[in-house]
Amino acid sequence: MRFYEYEARKIVELAGIPVTKYGFCQTADEARRVAEDIGGPTVIKSQVLTGGRMKAGGVQFADTPEEAAEHAANILELEINGLRPVGVLVDPKAEIKQEYYAGVVWDGTAKKPLMLFSDMGGIDIEQVAEDHPDHVGRGHISNLLPVGDFEAKQVIAATGVTGSQLNRATPILAKLARLFRDNDMLLAEINPLAELTDGTFVALDAHMEMEDEAVGRQKKLLRKELGIAEEDTRDNYVPSEFEKNVKAIDAADHRGVIQGKDHGFKGNLGLVIGAGGGSLTLTDAVRSQGGKPANYSEIGGNPSVAKACGLAKEVLQKDGVEKIAVMMSIVSNTRVDIVARGVIKACLELGKDPAETIAIFRIPGAWEDEGSKILDHYGVEYCDRTVSLWDAAGRAVAKIQGASA
Amino acid sequence: MSILLDKDTTFIVQGITGREAINLTRECLDYGSRIVGGVTPGRKGREVHGVPVFDTVAQAVENHGGPIDGSVVTVPPGFTKDAVIEAIANGIKLLVIVTERIPRGDVAEMVEFADMHGARIIGPNCLGLIVPGVCKMGGIGGPAKDAAKSYEPGVVGVMSRSGGMTTEISSSLTAAGLGVSTAVSIGGDAIIGSTYAELMPYFEADEQTKAIVIYTEPGGRMEAQLAEWKTENNSRLPIVAFMAGKFMDDEEMQGMSFGHAGTIVEGKEDSANEKIKRLEEAGIRVVERIDEIPDVVKERIEG
Numbered sequence: 001m002r003f004y005e006y007e008a009r010k011i012v013e014l015a016g017i018p019v020t021k022y023g024f025c026q027t028a029d030e031a032r033r034v035a036e037d038i039g040g041p042t043v044i045k046s047q048v049l050t051g052g053r054m055k056a057g058g059v060q061f062a063d064t065p066e067e068a069a070e071h072a073a074n075i076l077e078l079e080i081n082g083l084r085p086v087g088v089l090v091d092p093k094a095e096i097k098q099e100y101y102a103g104v105v106w107d108g109t110a111k112k113p114l115m116l117f118s119d120m121g122g123i124d125i126e127q128v129a130e131d132h133p134d135h136v137g138r139g140h141i142s143n144l145l146p147v148g149d150f151e152a153k154q155v156i157a158a159t160g161v162t163g164s165q166l167n168r169a170t171p172i173l174a175k176l177a178r179l180f181r182d183n184d185m186l187l188a189e190i191n192p193l194a195e196l197t198d199g200t201f202v203a204l205d206a207h208m209e210m211e212d213e214a215v216g217r218q219k220k221l222l223r224k225e226l227g228i229a230e231e232d233t234r235d236n237y238v239p240s241e242f243e244k245n246v247k248a249i250d251a252a253d254h255r256g257v258i259q260g261k262d263h264g265f266k267g268n269l270g271l272v273i274g275a276g277g278g279s280l281t282l283t284d285a286v287r288s289q290g291g292k293p294a295n296y297s298e299i300g301g302n303p304s305v306a307k308a309c310g311l312a313k314e315v316l317q318k319d320g321v322e323k324i325a326v327m328m329s330i331v332s333n334t335r336v337d338i339v340a341r342g343v344i345k346a347c348l349e350l351g352k353d354p355a356e357t358i359a360i361f362r363i364p365g366a367w368e369d370e371g372s373k374i375l376d377h378y379g380v381e382y383c384d385r386t387v388s389l390w391d392a393a394g395r396a397v398a399k400i401q402g403a404s405a
Numbered sequence: 406m407s408i409l410l411d412k413d414t415t416f417i418v419q420g421i422t423g424r425e426a427i428n429l430t431r432e433c434l435d436y437g438s439r440i441v442g443g444v445t446p447g448r449k450g451r452e453v454h455g456v457p458v459f460d461t462v463a464q465a466v467e468n469h470g471g472p473i474d475g476s477v478v479t480v481p482p483g484f485t486k487d488a489v490i491e492a493i494a495n496g497i498k499l500l501v502i503v504t505e506r507i508p509r510g511d512v513a514e515m516v517e518f519a520d521m522h523g524a525r526i527i528g529p530n531c532l533g534l535i536v537p538g539v540c541k542m543g544g545i546g547g548p549a550k551d552a553a554k555s556y557e558p559g560v561v562g563v564m565s566r567s568g569g570m571t572t573e574i575s576s577s578l579t580a581a582g583l584g585v586s587t588a589v590s591i592g593g594d595a596i597i598g599s600t601y602a603e604l605m606p607y608f609e610a611d612e613q614t615k616a617i618v619i620y621t622e623p624g625g626r627m628e629a630q631l632a633e634w635k636t637e638n639n640s641r642l643p644i645v646a647f648m649a650g651k652f653m654d655d656e657e658m659q660g661m662s663f664g665h666a667g668t669i670v671e672g673k674e675d676s677a678n679e680k681i682k683r684l685e686e687a688g689i690r691v692v693e694r695i696d697e698i699p700d701v702v703k704e705r706i707e708g
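Same order as they appear, the protein sequences are chains A and B. With our numbering, letter number 8 in the first sequence gets 8, and the count goes up by one each step, no holes. With our numbering, letter number 271 in the second sequence gets 676, and the count goes up by one each step, no holes.
See the structure below:
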């Protein structure tokens with residue numbers, strides 16, 4: 001789950017890290033009032049979940065409250081990468097002496113969070129790591145033991161930072177590491193972390209992402225502190241009709257699991273395949289042999305006839321689909337006869353001949369003999385585990401290409 | 406021989422009264438595994454297929470009259486961390502975590518705790534491991550009679566990020582007369598207890614194993630880690646890899662995950678093509694077709 005900048009700043013603030021006296025505004029009038037309160041030059045920043053704000057004109061500077069209101073009015077109407085902002089952040093224009101970077105990310109190999117610090121802030125950290133590796137300090141933290149300030153200090157000192165700067169930045173990085181762990185973050189970044197002309201440090205921009213699996217146990221932060229509604233998942237992925245329908249069919253019946261995606265697929269061969277790894281393997285096998293999948297899908301966990309039928313119907317009704325291939329890896333608990341009944345029912349209900357419509361049926365699994373009988377009855381071509389996933393996919397591709405030619 | 410598991414291995418099932426756990430208990434018992442107890446808090450005194458159920462792991466250990474080797478953990482995601490730590494705190498050294506959708510931080514905590522106590526975690530989001538003809542720990546291979554069809558004892562060690570594909574690949578190795586020494590479904594999440602590279606030393610030490618087959622997917626750095634391990638350790642074992650999900654490298658698929666949570670590509674290094682390149686640089690043969698695996702393994706063993 002992603003956060004807007006104003007929320008990320010609030011998270012940082014709650015962890016005891018100093019921030020500027022910023023305000024989140026949804027109208028130009030509010031922006032004017034916040035700018036009056038600040039009483040000096042301000043920065044108006046679009047609150048939108050996408051990068052490239054500065055380039056798109058989503059960040060403007062104002063000398064007076066009137067100017068701030070004007071900029072806010074414009075930015076509130078400005079779409080960036082197709083997204084409308086939820087508001088603007090009005091921030092005092094900081095007198096910056098030096099910009100730093102502080103961040104915490106997961107290191108999957110070490111299976112521990114990794115602290116990162118650089119004295120070259122304000123720019124992309126990956127670029128800094130590539131061009132100036134000696135300006136990036138790194139250090140893992142334990143998942144179990146308390147994070148010590150000294151651990152943050154070591155990371156910062158590794159970049160050559162010393163003096164009062166080291167002593168002021170240390171608790172900030174340590175607090176960032178603690179909030180990363182406490183709040184189930186996937187990413188916690190302060191960039192830039194600014195040293196102001198008076199020597200104090202403030203977080204001028206923050207970027208946070210929480211793991212979706214942990215949203216349920218972070219209610220206090222999400223609902224109470226940040227006021228984010230339960231249905232506001234921040235997922236900007238817009239599911240297709242096909243994806244929505246398959247999801248609804250899956251939710252309507254607890255037996256078995258089906259999934260369907262068609263984002264980026266435009267082919268003529270519908271896939272009813274499963275599960276996880278088998279679906280990845282089969283989708284590749286179809287493409288590598290010149291086939292054009294119309295969708296990705298997963299079916300498994302011994303679904304009901306209705307569920308298998310529902311998925312097959314959705315696939316068959318997609319634009320451009322001429323045939324479907326029903327193929328699975330070895331899944332011992334999914335009954336072949338039930339899947340066979342489901343897909344044949346889907347064909348018949350749509351007025352299609354199963355023998356013509358089903359390019360190939362490969363399901364090794366339970367009740368294979370029953371399944372074969374049904375498939376024989378309707379003249380559907382089928383195979384068992386002796387035909388590999390690759391060959392089954394190849395047979396489906398050959399058939400549809402023969403048909404289209 | 407085998408890795409991690411043998412005919413004497415004793416284990417418990419945590420969350421044994423759940424629907425999935427009842428099935429896998431039946432399957433494992435039928436296959437010859439020694440399940441010495443089950444744990445579901447509040448259900449002490451019941452039995453699942455003749456296996457006594459306890460409230461705590463400590464009670465199961467006491468009833469057994471000595472240390473228990475392993476545990477299959479099938480409790481809901483919010484309770485998994487506590488269950489795993491309970492098992493390790495009671496002397497259990499091998500954990501198979503079946504549960505899906507456990508937050509990454511919890512997995513990392515469990516792994517660090519296991520490391521501190523000399524315990525090993527397989528999973529989460531996995532089907533466990535099997536020593537063909539001897540025993541299995543988890544739902545891997547399905548019911549005993551189906552597992553017998555797919556798995557025969559042999560010379561190939563199998564590691565896979567997909568539970569289903571562990572069996573698909575093993576079945577083809579069995580059909581080709583090569584058989585399997587031990588097959589491990591390592592789990593489909595971004596952070597797992599045991600990666601390929603972390604299990605390699607066990608296979609390296611196992612005389613029965615003559616070659617390794619891995620099934621891999623986009624996402625994460627596990628394959629790069631294996632490539633580094635292979636280069637640094639001058640391993641005696643030829644490794645053959647199969648990479649699924651190459652279609653995810655397409656422009657339109659960026660940022661999406663398919664099949665398993667761990668397939669989300671977070672950086673350039675995580676893509677299928679980049680991984681294939683790294684594996685091949687380390688002398689690991691990456692096959693294009695899944696059905697090439699048995700022949701390439703034979704070639705590599707003989708060569």
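Glycine included, each C-beta is placed from N, C-alpha and C at the ideal position. Keep in mind that this is a model prediction, so the values were computed, not measured.
Check your understanding: Going along chain B in order, which residues have a C-beta closer than 7 Å to the C-beta of A/Gly264?
Key -> Start at 1 with the first residue of the first sequence, and residue 264 of chain A comes out as number 264. In chain order: Asp655, Glu657 and Met658.
Practice item. Rounded to whole angstroms, what's the CA-CA distance from B/Ala494 to A/Cys309? Just pull it up for me. Key: Taking the first residue of the second sequence as 1, we reach residue 494 of chain B at position 89. Taking the first residue of the first sequence as 1, we reach residue 309 of chain A at position 309. Between B/Ala494 and A/Cys309, the C-alpha separation is close to 48 Å.
Practice item. With DSSP as the reference, please indicate the residues paired to A/Asp107 in a beta bridge. Key: For this step, residue 107 of chain A is matched to residue 107 along the first sequence. Note: A/Asp107 sits in a beta bridge opposite A/Lys112.
**Study point:** Per-residue burial, B/Pro537 [other beta carbons within 10 Å of its own, 16 or more giving buried]
**Key:** Here residue 537 of chain B corresponds to residue number 132 of the second sequence, with the count starting at 1. By the 10 Å Cβ count, B/Pro537 comes out buried.
Point to revise | Reference A/Ala69; option with closest CA among A/Cys25, A/Ala203 and A/Met54 | key: Reading the first sequence from its first residue, position 69 is the one you call residue 69 of chain A. Nearest to A/Ala69 by alpha-carbon distance, out of A/Cys25, A/Ala203 and A/Met54, is A/Cys25.
Check your understanding: Quick one: does A/Glu189 have its CB under 7 Å from some CB of chain B?
Key -> Indexing the first sequence from 1 puts residue 189 of chain A at position 189. Not closer than 7 Å to any Cβ of chain B, the Cβ of A/Glu189 fails to qualify, so no.
Practice item. List the residues that DSSP assigns as beta-bridge partners of B/Phe484. Key: Residue 484 of chain B sits at position 79 when you count from the first residue of the second sequence. None, per the DSSP bridge assignment.
Check your understanding: So, B/Thr479 versus B/Ala552, is the Cβ gap smaller than 7 Å?
Key -> Reading the second sequence from its first residue, position 74 is the one you call residue 479 of chain B. Reading the second sequence from its first residue, position 147 is the one you call residue 552 of chain B. B/Ala552 is positioned such that its CB atom lies no closer than 7 Å to that of B/Thr479.
Check your understanding: Less than 7 Å separating the beta-carbons of B/Ile596 and B/Val512?
Key -> Counting from one through the second sequence, the residue named residue 596 of chain B turns up at place 191. Counting from one through the second sequence, the residue named residue 512 of chain B turns up at place 107. In contact: B/Ile596 and B/Val512 (Cβ atoms closer than 7 Å).
**Study point:** Residue burial classification, A/Val238 (beta-carbon count within 10 angstroms, cutoff 16)
**Key:** In the first sequence, counting from the first residue as 1, residue 238 of chain A sits at position 238. Exposed, because fewer than 16 other Cβ atoms sit within 10 Å of the Cβ of A/Val238.
Review point. At a Cβ threshold of 7 Å, is A/Ala275 touching chain B?
Key: On the first sequence, residue 275 of chain A is found 275 positions in, with the first residue counted as 1. Judged by the 7 Å Cβ criterion, A/Ala275 is in contact with chain B.
Exercise for review: Report all residues from its chain with a CB closer than 6 Å to the CB of A/Val331; omit the five preceding and five following residues, and keep chain order.
Suggested key: In the first sequence, residue 331 of chain A corresponds to position 331, counting from 1. In its chain, beyond the 5 residues on either side, Gly300 and Gly365 have a beta carbon closer than 6 Å to the beta carbon of A/Val331.
**Study point:** Within-7 Å CB hit, B/Gln419 to chain A
**Key:** In the second sequence, residue 419 of chain B corresponds to position 14, counting from 1. No - not a single Cβ of chain A is within 7 Å of the one on B/Gln419.
Review point. By Cβ distance, which residues of its chain are closer than 6 Å to A/Cys347, with the 5 residues on each side in sequence left out?
Key: The count along the first sequence starts at 1 and reaches residue 347 of chain A at position 347. Result list for A/Cys347: Pro354 and Thr357, in chain order.
Check your understanding: From the beta carbon of A/Thr109, is the nearest beta carbon of chain B less than 7 Å away?
Key -> Taking the first residue of the first sequence as 1, we reach residue 109 of chain A at position 109. For A/Thr109, the answer is yes, since a Cβ of chain B falls inside 7 Å of its Cβ.
Exercise for review: Flag this pair as yes or no: are the beta carbons of B/Ile526 and B/Gly598 separated by less than 7 Å?
Suggested key: Along the second sequence, one-based indexing puts residue 526 of chain B at 121. Along the second sequence, one-based indexing puts residue 598 of chain B at 193. Cβ atoms of B/Ile526 and B/Gly598: closer than 7 Å.
Practice item. Could you tell me which uninterrupted alpha helix (DSSP H) segments, each at least 4 residues in length, are contained entirely in the segment 470 to 524 of chain B, listed from first to last along the chain? Key: 482 to 494 and 509 to 521
Review point. Interface residues of chain A around B/Asp696 at Cβ under 8 Å?
Key: Along the second sequence, one-based indexing puts residue 696 of chain B at 291. Chain A residues near B/Asp696: Ser388, Leu389, Trp390 and Asp391.
Review point. Looking at chain B, which residues of the segment 134 to 168 of chain A have a Cβ within less than 8 Å of any of its Cβ atoms?
Key: Ser142, Asn143 and Leu144
Point to revise | Proximal residues to B/Asn592 (C-beta, below 6 Å), its chain only, five neighbours per side dropped | key: The residue you call residue 592 of chain B lines up with position 187 of the second sequence. Per the sequence shown, the amino acid found at residue 592 of chain B is Gly instead of Asn. Answer for B/Gly592: Gly528, Pro529, Asn530 and Cys531, listed in chain order.
Check your understanding: For the alpha helix (DSSP H) that contains B/Cys433, what are its first and last residues?
Key -> The residue labelled residue 433 of chain B in the question sits at position 28 within the second sequence. First-last of the alpha helix (DSSP H) with B/Cys433: Arg424 to Tyr436.
**Study point:** Test item: CB-CB of B/Val561 and B/Leu578 under 7 Å
**Key:** Here residue 561 of chain B is taken as the residue at index 156 of the second sequence, counted from 1. Here residue 578 of chain B is taken as the residue at index 173 of the second sequence, counted from 1. Result yes, Cβ atoms of B/Val561 and B/Leu578 sit closer than 7 Å.
Practice item. Kindly indicate which residue of A/Ala194, A/Arg287 and A/Arg234 has the alpha-carbon position closest to the one of A/Gly267. Key: Locating residue 267 of chain A in the first sequence gives position 267, counting from the first residue. Per the Cα distances, A/Arg287.
Practice item. For B/Ile545, collect the residues of the same chain with a Cβ closer than 8 Å to its Cβ; drop the 5 residues on either side in sequence, then sort them by chain order. Key: In the second sequence, the residue the question calls residue 545 of chain B occupies position 140. The residues are Leu532, Gly533, Leu534, Ile535, Ala552, Gly568, Thr571, Thr572, Ala588 and Ser590.
**Study point:** DSSP state of A/Met208 mapped onto helix, strand, coil
**Key:** Numbered from its first residue, the first sequence carries residue 208 of chain A at position 208. A/Met208: strand per DSSP, three-state reduction.
Point to revise | A/Ala110 and A/His140 closer than 7 Å at C-beta | key: Sequence index remark: in the first sequence, residue 110 of chain A carries index 110 (1-based). Sequence index remark: in the first sequence, residue 140 of chain A carries index 140 (1-based). Cβ atoms of A/Ala110 and A/His140: closer than 7 Å.
Practice item. From the DSSP output, read off the bridge partner residues of A/Leu187. Key: Taking the first sequence and counting its residues from 1, one reaches residue 187 of chain A at position 187. According to DSSP, A/Leu187 bridges with A/Val105 and A/Glu209.
Review point. Would you say A/Val155 touches the ligand SAH, meaning its beta carbon is less than 6 Å from a heavy atom?
Key: This structure simply doesn't include the ligand SAH, nor any ligand for that matter.
**Study point:** Spatial neighbours of A/Ala8 in its chain, beta-carbon cut-off 7 Å, leaving aside the 5 residues before and after
**Key:** As a first step, residue 8 of chain A must be located in the first sequence, where it is residue number 8. Cβ neighbours of A/Ala8 within its own chain (closer than 7 Å, five residues either side excluded): Ala206, His207 and Met208.
Practice item. Indicate the three-state DSSP secondary structure (helix, strand or coil) for A/Arg138 in the structure shown. Key: Locating residue 138 of chain A in the first sequence gives position 138, counting from the first residue. In this structure, A/Arg138 counts as strand in the three-state DSSP scheme.
**Study point:** Contact under 7 Å by Cβ, B/Tyr556 with B/Val585
**Key:** Along the second sequence, read from residue 1 onward, the residue named residue 556 of chain B stands at position 151. Along the second sequence, read from residue 1 onward, the residue named residue 585 of chain B stands at position 180. Contact: yes.
Review point. What residues in the segment 508 to 526 of chain B bring their beta carbon closer than 7 Å to a beta carbon of chain A?
Key: Pro508, Arg509, Gly510, Ala513, Glu514, Val516, Glu517 and Phe518
**Study point:** Uninterrupted alpha helix (DSSP H) stretches inside the segment 617 to 672 of chain B (no shorter than 4 residues)
**Key:** DSSP runs (the alpha helix (DSSP H)) wholly in the segment 617 to 672 of chain B: 627 to 638.
Exercise for review: Provide the residue(s) that pair with B/Phe459 in DSSP beta bridges, ordered along the chain.
Suggested key: Locating residue 459 of chain B in the second sequence gives position 54, where the first residue counts as 1. Under DSSP, B/Phe459 takes part in a beta bridge, and its partners are B/Val444.
Point to revise | Residue nearest to A/Thr200 in terms of C-alpha spacing, selected from A/Lys352, A/Asp384, A/Val90 and A/Thr20 | key: In the first sequence, residue 200 of chain A corresponds to position 200, counting from 1. Per the Cα distances, A/Thr20.
Exercise for review: Please report how far the alpha carbon of B/Asn630 lies from the alpha carbon of A/Lys292, in whole angstroms.
Suggested key: The residue you call residue 630 of chain B lines up with position 225 of the second sequence. The residue you call residue 292 of chain A lines up with position 292 of the first sequence. The question names Asn, but residue 630 of chain B is Gln in the sequence shown. Rounded to whole angstroms, B/Gln630 to A/Lys292 spans 34 Å at the Cα level.
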